[in-house]
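K.L.:
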Amino acid sequence: MPEPRDADRLTRDLDWNLLRSFVVMAEARSITDAAQRLRLTQPSVSTALKKLEDRIGKRLIDRTPGRYELTRAGALLYREAVEIHGAVHRLSTLMRDMTDEVRGHVRIAVASHVVCPLFDQVLAEFHARHPRATLSISVLGSSAALASVTARTASFAICLVHRRDPKIEYLRLYREFFGLFCGPPHPLFGRRDLRQKDLAGHAAVSFETDRLHDALRSVTLLRAQSELNEQIIGTSSHLEEVRRMVIAGLGIGPLPLHVVARDVQDGLLWRLPPYDMPPAIDVHLVWNPKATLNRAETALLEAIQHAISLVPMTARTYGLSAEEDGSASVAE
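Numbered per the UniProt record's numbering, the sequence shown spans residues 1 to 332.
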């Protein structure tokens, strides 16, 4: 093989077509066989081999009568040429996919009834910019959404977070506030003279994560302070189902203020005390930094992260005004 001082000359003068032809020669049984595979004449193949041997400065194929096999230099060159061929093939594939158009599928795991205008805006802008990218959104309990990120079956998740995994990245997307509500069949519905003590002993419905050691701990404390019946009549991991049970009169339940504001206006829900300092719940953008993402996944994740960096927390706080929420300015 050439000396190091000849490397620049070899790099400059070596013809890829000669290497490609040599791979075929090395895998053939004879020059005649190689010529047939390359669809060239035998003299043309012999000339190409001699030209490559001259460039390399080594005999590559032992072609004595009745013998056709690679020399040690030929075997070494064959192994390197196969690697080069694979690299060129991969480069061709990469270049074919490298267009200005972002394509790919994004799999998003979302906790039940995420209502976030900022997220909606990012989705709209992403689709307008990359119309060929596709999305699927799975509604899961927060623990299942987090598990899907860890398992890399979801591109990212939007959910509640209780315990943080150091291998996963978290960024607060928005803050919402919970209140207690009842439905039309409930005896407290429509009453404006209520105090928190009036809730004592009434049946409750809630979320599966409404536990002291889980993501809705502050809601659990609110329920306890209101002295609702300790036995919860109905639970669900989906907000829509908790809302259904509250409206049906099964019991008093916690719901996000901004999510059910329209239901209150329409007379489907009635807010109960306490009215001051409702519990705040943070909803996070969660992703796995070890996951290999396609261009669409990367583009959407970066778009959400960028939007979060541009919009202050006060504008990502729903259910109370910035003045009412004294904790909205807490750092990310």
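Each residue gets a CB set at the ideal place from its N, CA and C atoms; glycine is no exception.
Between the alpha carbons of MET313 and TYR174, how many angstroms are there, rounded?
P.N.:
Roughly 7 Å between the two C-alpha positions.
K.L.:
Please look up how many angstroms separate the CB atoms of VAL149 and ALA124, rounded, as I've assumed it's under 8 Å.
P.N.:
So it is not a contact: roughly 24 Å between Cβ atoms.
K.L.:
Does DSSP classify PRO65 as helix, strand or coil?
P.N.:
In this structure, PRO65 counts as coil in the three-state DSSP scheme.
K.L.:
Using the three-state DSSP reduction, which class does ARG243 fall into: helix, strand or coil?
P.N.:
Correct three-state label for ARG243: helix.
K.L.:
Tell me, which residues are paired with ARG172 by DSSP?
P.N.:
Partner(s): HIS284.
K.L.:
Report yes if the C-beta distance between VAL242 and LEU255 is below 8 Å; otherwise report no.
P.N.:
Yes, they are a contact pair.
K.L.:
Can you name the start and end residues of the beta strand (DSSP E) that ALA157 belongs to?
P.N.:
Here the beta strand (DSSP E) through ALA157 covers 156-160.
K.L.:
In terms of alpha-carbon separation, which member of ARG244, HIS105, ARG271 lies closest to ASP193?
P.N.:
Among ARG244, HIS105, ARG271, the Cα nearest to that of ASP193 is on ARG271.
K.L.:
Quick check on ASP198 - is its C-beta less than 8 Å from some C-beta in chain B?
P.N.:
The displayed structure is made up of one protein chain only, and chain B is not part of it.
K.L.:
By Cβ distance, which residues of its chain are closer than 7 Å to ASN229, with the 5 residues on each side in sequence left out?
P.N.:
Hits under 7 Å: GLY201, HIS202, ALA203, ALA204.
K.L.:
Using a Cβ-Cβ cutoff of less than 8 Å, which residues in the same chain neighbour ARG195 once the five nearest sequence positions on both sides are dropped?
P.N.:
Here the set comprises PRO273.
K.L.:
State the DSSP-derived secondary structure class of THR220, mapped to helix, strand or coil.
P.N.:
Of the three classes helix, strand and coil, the one that applies to THR220 here is helix, per DSSP.
K.L.:
Between ILE137 and the rest of its own chain, which residues show a CB-CB distance below 7 Å, the 5 nearest in sequence each way excluded?
P.N.:
Same-chain partners within the cutoff: ILE108, VAL110.
K.L.:
Can you tell me whether THR209 is buried or exposed? The criterion is at least 16 other CB atoms within 10 Å of its CB, across all chains shown.
P.N.:
With 16 or more other Cβ atoms within 10 Å, it is buried.
K.L.:
Can you tell me which of the three DSSP states LEU135 falls into?
P.N.:
Looking at LEU135 - three-state DSSP - the assignment turns out to be strand.
K.L.:
Would you mind working out which of PHE156, ALA144, THR153, ARG152 sits nearest HIS162, comparing C-alpha positions?
P.N.:
Selected option, being the one with the closest Cα: ALA144.
K.L.:
Short of 6 Å in beta carbon distance, which residues of its chain neighbour LEU268, apart from the five on each side in sequence? Order them along the chain.
P.N.:
For LEU268, where only same-chain residues beyond five positions count, the Cβ hits under 6 Å are ILE247.
K.L.:
Could you compute how far the alpha carbon of ALA35 sits from the alpha carbon of SER46?
P.N.:
When rounded, the distance between both Cα atoms is 9 Å.
K.L.:
Report, in whole angstroms, the separation of the C-beta atoms of VAL283 and CYS159, which I expect to be a contact under 8 Å.
P.N.:
7 Å between Cβ atoms; contact.
K.L.:
Which value, in whole angstroms, describes the spacing of the CA atoms of THR93 and GLY66?
P.N.:
Any reading at THR93 must be qualified, since the residue scores a pLDDT of 49, below 50, and its modelled position is unreliable; the value itself is stated next. For THR93 and GLY66, the distance between alpha carbons rounds to 41 Å.
K.L.:
Quick one: residues in its chain with C-beta nearer than 8 Å to the C-beta of GLU323, no 5 flanking neighbours on either side, listed in chain order?
P.N.:
Caution applies to GLU323, whose pLDDT of 42 falls short of 50 and renders its modelled position unreliable; the value that the coordinates give is listed next. Excluding sequence neighbours, GLU323 sits near nothing in its chain.
K.L.:
Would ARG29 pass as a contact of TYR68 if the rule is Cβ separation under 8 Å?
P.N.:
Cβ atoms of ARG29 and TYR68: closer than 8 Å.
K.L.:
Where do the ends of the alpha helix (DSSP H) carrying VAL45 lie?
P.N.:
Segment 42-56, the alpha helix (DSSP H) holding VAL45.
K.L.:
Inspect the beta-carbon positions of HIS258 and GLU176 and report whether they are closer than 8 Å.
P.N.:
Against a cut-off of 8 Å, the Cβ pair of GLU176 and HIS258 comes out as a contact.
K.L.:
Taking the straight line between their C-alpha atoms, what separation do you get for ALA296 and PHE22?
P.N.:
Roughly 40 Å between the two C-alpha positions.
K.L.:
Can you give me the C-alpha to C-alpha distance between LEU216 and HIS306, rounded to a whole angstrom?
P.N.:
About 28 Å.
K.L.:
Taking residue 333 as the reference, which of LEU49, ARG262, LEU285 has the closest Cα?
P.N.:
With the chain covering 1 to 332 only, the question about residue 333 has no answer from this structure.
K.L.:
Where does the unbroken beta strand (DSSP E) through ARG271 begin, and where does it stop?
P.N.:
Taken as a continuous stretch (DSSP letters only), the beta strand (DSSP E) holding ARG271 covers 270-272.
K.L.:
Locate the beta strand (DSSP E) running through SER206, then write down its first and last residues.
P.N.:
Element bounds for SER206: 204-207.
K.L.:
Thinking C-beta only, is GLY183 closer than 8 Å to GLY234?
P.N.:
In this structure, GLY183 does not lie closer than 8 Å to GLY234 by Cβ.
K.L.:
Between the Cα of ARG262 and those of VAL115, LEU76, VAL106, spot the shortest distance and give me the residue it belongs to.
P.N.:
It is VAL115.
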